[in-house]
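Engineer: Below is the structure I would like to discuss, written out as structure tokens.
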Amino acid sequence: MTQEELFKKLVAHCKEYGFVFPSSEIYDGLGAVYDYGQNGVELKNNIKRYWWESMVRLHENIVGLDSAIFMHPRTWEASGHVGAFNDPLIDNKDSKKRYRADVLIEEWIEKQNEKIAKEVEKARKRFGETFDEVQYRTTSPRVMEVAAQRDAIHSRFVRALSESNLDELRQIIVDCEIADPISGTRNWTEVRQFNLMFSTQMGSTAEGANTIYLRPETAQGIFVNFLNVQKTGRMKLPFGIAQIGKAFRNEIVARQFIFRMREFEQMEMQFFVRPGDEMRWYDHWREWRMKWHRSLGFGADNYRFHDHDKLAHYANAAADIEFNFPFGFKEVEGIHSRTDFDLSRHQEFSGKKLQYFDPESGESYVPYVVETSIGLDRMFLQVLSAAYVEEVLENGEERTVLRFPAPLAPVKVAVLPLVKKDGMPEVAREIVDALKYDHNVTYDEKDSVGKRYRRQDALGTPLCVTVDGQTLEDRTVTIRHRDTMQQERVAIDVLPRIVDEICSMRSLLKNLA
Ligand code: ATP
């Protein structure tokens, strides 16, 4: 199965099993907007909990916030979004499709890397054990030629971005002979800037109404509340404010399912530090956030850092954490050292002081900020794509299973009476009642037990508990484990402890200690 086929199956699975639906589907959907179904919302809530508890509960010096989506319009002038929250777009005149010019070029650069990797692999096979990769990369004329072309384009690209030189971006696309994947032609328009913020009117009459924006990031709500939280919480530097909430961007190219949406959710933490300490904290959060991802057990090789070529106007260092999605390595989270840009600008635009009085030095200053910003929906897609497995069992049967880390699974336990009679449903209900106050559990009596197991595998339920004839005699049940399909017989009384050990968030959080 190709990665593309795998991704298609994943999207279909999400729909079939109540994880993700296209928004307003009965009206044929709305571009890049999605709804989370009965299982999706549980998975999403569990991811939020993993993030919130690891960031807020495990860190004494981080507190939470829930700020409004609507903010005073001056906020977005101060933050630079009104003037500079743009993407360079380009249209193909034949397919009439719109693309981000920067993404077309980045993909071309990635293709050159793939070409080189292929050459290296071919040579490795040819030379066998004596193969010296470093030597090959630095001496093979073919590899050196591709690398030189790639590096030349890369430096032109970085320069064009930093100078916002749209003509040069277009010229790079022409020089690289990049063709539209749909029409196959190179019939491109000029490159134009496109602001990504959605606007609307606030106020009852059109004349008296104010244009306001739907926030394109949650961070600004944190910055404008910096002093409120610092003072009322008596917070001392360094400290952080964390927030989970919706953000909106009118993305030019919204493909790849929930990877790029127009309405999405972010989990952001702004960490306020003394000026000069920001690089130390930047390094700290970069590592810590990578550890948070890797603690889920999806394989260390599936993650990598990508240091930014072009720093945003507010940053003095920035890196992405990328995950190996079915469509390649892509950003899931950004770690940015934002300097004192945001607080200083809000101070300037609002005329209100946003300074911290440092009791140790006796000075007041505008703190520096290190941000960790992760997309909840991209994280959701990461968890799903890493968990989705199609297996052929020993008896030749096939099963689709979502190998979620148990604490993230939408349903933790399915309780199944073997048959719908002889008092088995009653005992099964009793077990559901014993577990439901601590975990999301489900009761299922429809179809054969084998079919019910498959259904739970496809939902990623880590444990199935079956009530059978023997249960009625000795109050024991079988527990079936999702990944190994092994079954064990245990007393009903010990079920809460076993479920707790396997499914509670504690096990994930302890990995981070
Ligand atoms: P990209 O380069 O992919 O457009 P970005 O660098 O603009 O992303 P940030 O502004 O750093 O993204 O936002 C932080 C995080 O928010 C991203 O790492 C991503 O997980 C998430 N995010 C950003 N835009 C979207 C979107 N349109 N849909 C879903 N998640 C998003």
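Just so you know, numbering that gives the first Met the number 0 puts 29 at position 30 of the sequence shown, and the rest follows in order with no gaps.
Cβ atoms here follow ideal geometry from the backbone N, Cα and C, with glycine treated the same way.
Predicted, not measured: the structure shown is a model, and the values here were computed from it.
Taking 7 Å as the cut-off, is the C-beta of Glu-330 nearer than that to any heavy atom in the ligand ATP?
Structural biologist: Taking the sequence shown and counting its residues from 1, the one referred to as residue 330 is at position 331. Checking the Cβ of Glu-330 against the ligand ATP gives yes.
Engineer: Classify Glu-370 as buried or exposed, calling it buried when 16 or more other Cβ atoms lie within 10 Å of its own Cβ.
Structural biologist: As a first step, residue 370 is located in the sequence shown; it is residue number 371 there, counting from the start. Answer is buried; the Cβ neighbour count reaches 16.
Engineer: Given that a residue counts as buried once 16 or more other Cβ atoms are within 10 Å of its Cβ, and exposed if not, what is Gly-220?
Structural biologist: Sequence index remark: in the sequence shown, residue 220 carries index 221 (1-based). It is buried - the Cβ of Gly-220 has at least 16 other Cβ atoms within 10 Å.
Engineer: Return the Cβ separation of Phe-69 and Met-196 in integer angstroms, given the expectation that the two are a contact with Cβ distance under 8 Å.
Structural biologist: Position 70 of the sequence shown, counting from 1, holds the residue named residue 69. Position 197 of the sequence shown, counting from 1, holds the residue named residue 196. Rounded, the Cβ-Cβ distance is 12 Å, inconsistent with contact.
Engineer: Take Lys-445 and list the residues in its own chain whose beta-carbon comes closer than 8 Å to its own, dropping the five residues that flank it on each side.
Structural biologist: Within the sequence shown, the letter at position 446 stands for residue 445. If we look at Lys-445 and ignore the five residues flanking it on each side, its Cβ neighbours are Arg-451.
Engineer: DSSP three-state call for Lys-7: helix, strand or coil?
Structural biologist: Residue 7 sits at position 8 when you count from the first residue of the sequence shown. Here Lys-7 sits in helix by DSSP.
Engineer: Quick one: does the C-beta of Gly-374 sit closer than 7 Å to a heavy atom of the ligand ATP?
Structural biologist: The count along the sequence shown starts at 1 and reaches residue 374 at position 375. Yes, the Cβ of Gly-374 comes within 7 Å of a heavy atom of the ligand ATP.
Engineer: What whole-angstrom Cβ distance do Pro-358 and Leu-342 have, given they're in contact under 8 Å?
Structural biologist: Numbered from its first residue, the sequence shown carries residue 358 at position 359. Numbered from its first residue, the sequence shown carries residue 342 at position 343. Not confirmed; about 19 Å, so no contact.
Engineer: Any idea which residues DSSP pairs Arg-479 with across the strands?
Structural biologist: Sequence index remark: in the sequence shown, residue 479 carries index 480 (1-based). BP columns for Arg-479 point to Cys-463, Gln-486.
Engineer: Where do the ends of the beta strand (DSSP E) carrying Gln-111 lie?
Structural biologist: Here residue 111 refers to the residue found at position 112 when the sequence shown is read from its first residue. It is not in any beta strand (DSSP E) - Gln-111 instead sits in the alpha helix (DSSP H) that spans 100-126.
Engineer: Looking at the ligand ATP, does it come within less than 7 Å of Phe-263, judged from the CB to the closest heavy atom?
Structural biologist: For this step, residue 263 is matched to residue 264 along the sequence shown. Yes - the ligand ATP has a heavy atom lying nearer than 7 Å to the Cβ of Phe-263.
Engineer: Closer than 7 Å to a non-hydrogen atom of the ligand ATP - does that hold for the CB of Glu-321?
Structural biologist: Looking up residue 321 in the sequence shown gives position 322. Not so, every heavy atom of the ligand ATP lies at least 7 Å from the Cβ.
Engineer: Would you give the residue range spanned by the beta strand (DSSP E) that Arg-149 belongs to?
Structural biologist: Taking the sequence shown and counting its residues from 1, one reaches residue 149 at position 150. Looking at the DSSP string, Arg-149 is not in any beta strand (DSSP E); the run it does join, the alpha helix (DSSP H), is 140-161.
Engineer: Applying the criterion that 16 or more other CB atoms from any shown protein chain within 10 Å of the CB defines a buried residue, is Pro-461 buried or exposed?
Structural biologist: In the sequence shown, the residue the question calls residue 461 occupies position 462. By the 10 Å Cβ count, Pro-461 comes out buried.
Engineer: Can you say whether Pro-404 is buried or exposed, counting buried as having 16 or more other CB atoms within 10 angstroms of its CB?
Structural biologist: For the purposes of this step, residue 404 is identified with residue 405 of the sequence shown, where counting begins at 1. Buried: at least 16 other Cβ atoms inside 10 Å.
Engineer: Figure out for me which residue from Val-464, Met-484, Thr-483, Arg-481 has the closest Cα to the Cα of Thr-526.
Structural biologist: For the chain, the structure presents residues 0 to 512; residue 526 sits outside this window and is missing.
Engineer: Using the DSSP secondary-structure output, state which residues sit across from Gly-327 in a beta bridge.
Structural biologist: For the purposes of this step, residue 327 is taken as residue 328 along the sequence shown, with counting starting at 1. In DSSP, Gly-327 forms a bridge with Phe-324.
Engineer: Just to check my reading of the structure: Glu-41 and Pro-409 have Cβ atoms closer than 8 Å, yes? What is that Cβ distance to the nearest angstrom?
Structural biologist: Indexing the sequence shown from 1 puts residue 41 at position 42. Indexing the sequence shown from 1 puts residue 409 at position 410. Right, their Cβ atoms sit about 3 Å apart.
Engineer: With hydrogens ignored, establish whether the beta-carbon of Glu-106 is closer than 7 Å to any heavy atom of the ligand NAP.
Structural biologist: Annotation note on the ligand NAP: not contained in the displayed structure, which lists the ligand ATP as its ligands.
Engineer: Going by the DSSP bridge assignment, what does Thr-371 pair with across the sheet?
Structural biologist: Position 372 of the sequence shown holds residue 371. According to DSSP, which records beta bridges pairwise, Thr-371 is partnered with Met-268, Ile-334.
Engineer: Please name the residue, chosen from Ile-373, Ile-89, Gly-82, Val-388, that lies closest to Thr-188 on a Cα-to-Cα basis.
Structural biologist: Working through the sequence shown from its first residue, we reach residue 188 at position 189. Measuring from the Cα of Thr-188, the nearest candidate turns out to be Ile-89.
Engineer: Using DSSP's beta-bridge definition, name the partner residues of Leu-401.
Structural biologist: Counted from its first residue, the sequence shown places residue 401 at position 402. DSSP lists Tyr-387 as partners of Leu-401.
Engineer: In whole angstroms, give me the CA-to-CA distance for Asp-319 and Asp-432.
Structural biologist: Locating residue 319 in the sequence shown gives position 320, counting from the first residue. Locating residue 432 in the sequence shown gives position 433, counting from the first residue. Computed Cα separation, rounded: 44 Å.
Engineer: Between Gln-229 and Lys-352, what straight-line distance do the alpha-carbon atoms span, to the nearest angstrom?
Structural biologist: Your numbering for residue 229 matches position 230 in the sequence shown. Your numbering for residue 352 matches position 353 in the sequence shown. Distance between the alpha carbons of Gln-229 and Lys-352 is about 13 Å.
Engineer: Quick one: give me the first and last residue of the beta strand (DSSP E) that Gly-63 is part of.
Structural biologist: The residue given as residue 63 occupies position 64 in the sequence shown. Looking at the DSSP string, the run of the beta strand (DSSP E) that includes Gly-63 is 61-63.
Engineer: What beta strand (DSSP E) runs, 3 residues minimum, are completely inside the region 25-61?
Structural biologist: Listed in chain order, they are 33-35.
Engineer: Which residue's Cα is closest to the Cα of Ala-83: Arg-428, Val-493, Arg-273, Arg-191?
Structural biologist: The sequence position of residue 83 within the sequence shown is 84, counting from 1. Of Arg-428, Val-493, Arg-273, Arg-191, the residue nearest in Cα terms is Arg-191.
Engineer: Helix, strand or coil, according to DSSP, for Met-201 in the structure here?
Structural biologist: For the purposes of this step, residue 201 is identified with residue 202 of the sequence shown, where counting begins at 1. Correct three-state label for Met-201: strand.
Engineer: Can you tell me the Cα-Cα spacing of Val-55 and Gly-459, whole angstroms?
Structural biologist: Residue 55 sits at position 56 when you count from the first residue of the sequence shown. Residue 459 sits at position 460 when you count from the first residue of the sequence shown. Taking the straight line joining both Cα atoms gives about 27 Å.
Engineer: Less than 8 Å between the CB atoms is what I'm expecting for Phe-256 and Val-10, so what's the real figure, rounded?
Structural biologist: In the sequence shown, residue 256 corresponds to position 257, counting from 1. In the sequence shown, residue 10 corresponds to position 11, counting from 1. Phe-256 to Val-10, Cβ: 5 Å. Contact.
Engineer: What is the rounded straight-line gap between the Cα of Ala-246 and the Cα of Lys-309?
Structural biologist: Against the sequence shown, residue 246 aligns to sequence position 247. Against the sequence shown, residue 309 aligns to sequence position 310. Roughly 23 Å separates the two Cα atoms.
Engineer: So which of Asp-482, Leu-401, Asn-394, Leu-57 has the shortest CA-CA distance to Ala-457?
Structural biologist: Along the sequence shown, read from residue 1 onward, the residue named residue 457 stands at position 458. Checking every option, the nearest Cα to that of Ala-457 belongs to Leu-401.
Engineer: Give me whichever residues DSSP pairs with Lys-245 in a beta bridge.
Structural biologist: Taking the first residue of the sequence shown as position 1, residue 245 is located at position 246. Paired residues: Glu-264.
Engineer: Relative to the ligand ATP, is the shortest distance from any of its heavy atoms to the C-beta of Arg-97 smaller than 7 Å?
Structural biologist: Within the sequence shown, the letter at position 98 stands for residue 97. Not under cutoff, so the answer is no.
Engineer: Could you tell me the distance, in whole angstroms, from the CA atom of Ala-31 to the CA atom of Arg-259?
Structural biologist: Sequence index remark: in the sequence shown, residue 31 carries index 32 (1-based). Sequence index remark: in the sequence shown, residue 259 carries index 260 (1-based). Roughly 7 Å separates the two Cα atoms.
Engineer: Name the DSSP beta bridge partners of Thr-210, please?
Structural biologist: As a position in the sequence shown, residue 210 is number 211, starting the count at 1. DSSP lists Gln-200 as partners of Thr-210.
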